[in-house]
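*Asks:* One structure, pasted below without further comment.
In full-length UniProt numbering, the protein residues as written are 1 to 241.
This is the structure:
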């Protein structure tokens, strides 16, 4: 049975949407990288701190876990401070670190006290149930305190190179609505709508590209519509003032 949040999209419409997405990617290649924190301070930079490849999933977990309600530059700086203060990060390292030290390291991120407490709880669970490893299924990740669908999807994608679903953050949510690619009232509904038509080979670049586009052009507030390369495709741009 077709999901109520999705509807059949005609092939010509899908082609037009994918073409528009490729225009966004092409535009991003021309933009000053300093305008786009996701490019300069994103997952690749966080993973580059990790010297032991076996710890890659945990660095992906830490960076993604701290990211909600936080700019990419601040998330990067917080993970860097953890790394510089504690050394190579792992489940055991976090379990052996006091809450006070954790809070001090991540003080710049949104809701840092709550995140520090939840991070400690997550690492206790990983030690007791997953042999000091990051869980490798979405269901297991969602059972951890502070981990929602978007975070779980990003952890699997960044930490395990497993792209099982799209991650819908504020930029993806807003841009998809403005372009008429989705009209769901929640991130989960938007995810289902996007996944119903977006070819899976496009998924790996989709989140990163729309986040970057949202940071440098299609902002949630005060979007730079006049310089937008896809304004002719944008329902928001053509709305009456």
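Ideal Cβ placement from N, Cα and C applies to all residues, glycine included.
So, for residue 182: in the same chain, excluding its five sequence neighbours on each side, which residues have a beta-carbon less than 6 Å away from its beta-carbon?
*Replies:* These residues qualify, in order along the chain: 176, 190, 193 and 194.
*Asks:* Return helix, strand or coil for residue 253, following the three-state DSSP convention.
*Replies:* Missing from the structure shown is residue 253; the chain here goes from 1 to 241 and no further.
*Asks:* Going along the chain, which residues of its own chain have a beta-carbon closer than 8 Å to the beta-carbon of residue 226, five neighbours each way excluded?
*Replies:* So the list is empty, once near-sequence residues are dropped.
*Asks:* Which of the three DSSP states, helix, strand or coil, is assigned to residue 88?
*Replies:* In this structure, residue 88 counts as coil in the three-state DSSP scheme.
*Asks:* Grab me the residues of residue 204's own chain with a C-beta within less than 7 Å of its C-beta, minus the 5 sequence neighbours each way, in chain order.
*Replies:* Correct list, in chain order: 163.
*Asks:* Could you check where the alpha helix (DSSP H) with residue 43 kicks off and where it finishes?
*Replies:* It spans 43 to 47 - the alpha helix (DSSP H) in which residue 43 sits, taken as one unbroken run.
*Asks:* Among 198, 108, 140 and 73, whose alpha-carbon lies nearest the alpha-carbon of residue 44?
*Replies:* The candidate whose alpha carbon is nearest that of residue 44 is 73.
*Asks:* Quick one: grab the DSSP three-state call for residue 83.
*Replies:* Here residue 83 sits in helix by DSSP.
*Asks:* With a threshold of 8 Å, are at least 3 pairs of Cβ atoms found where one atom belongs to the stretch 115 to 124 and the other to the stretch 94 to 105?
*Replies:* The stretch 115 to 124 vs the stretch 94 to 105: in contact.
*Asks:* Comparing alpha-carbon positions, which option in 142, 66, 212 and 178 lies nearest residue 239?
*Replies:* It is 178.
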